[in-house]
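This report refers to the structure that appears directly beneath it.
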Amino acid sequence: MVALAGTWGLTEVLGWPHSLNEPFNRKSAGFYLIYIGAHVIGAVLVLANIQLVDLAVTVEVINALLVPIVLGFLLLLEAKALPDKYRMHGWYRVIATTLCLLVMAFGLYMVGPMTHLW
């Protein structure tokens, strides 16, 4: 499922057809090639005897470092780019912003304890 979700997201950004319901043809070849490539890379990692737990921890540390950036930009985009009728208002804005800041803080806090596993 992770390979499919990643492939779908990447081909969505690229504007390519992105569905397993699409027949394999020139138009959908990019989706299928990326999907197959994700499985091949996964198989190579397993067959190369890579420490998968260490790899998973590394990915989560990177995720913890990137979440504040992503959430920060989402909050900025919401406040600046959306028309006023679609922006968060009142208590909803306060609660959503507080929760985002809390998630950012926990993510950055957990980087320290997780780095000793490297």
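Every number in our numbering is 18 more than the matching position in the sequence shown, counting from 1. Beta carbons are placed, not taken as given, at the ideal position from N, Cα and C, and that holds for glycine.
Helix, strand or coil for GLY33, going by three-state DSSP, please let me know.
coil
Just checking my contact of ARG105 with ALA97 at CB under 8 Å: how many whole Å lie between their CB atoms?
7 Å
Could you spell out where the alpha helix (DSSP H) holding LYS98 opens and where it closes?
70-98
For GLY60, which residues in the same chain have their Cβ closer than 8 Å to its Cβ, ignoring the five residues on either side in sequence?
ALA21
Check whether MET19 and ALA82 have beta carbons under 8 Å apart:
no
At the level of alpha carbons, what is the spacing between THR29 and LYS103?
31 Å
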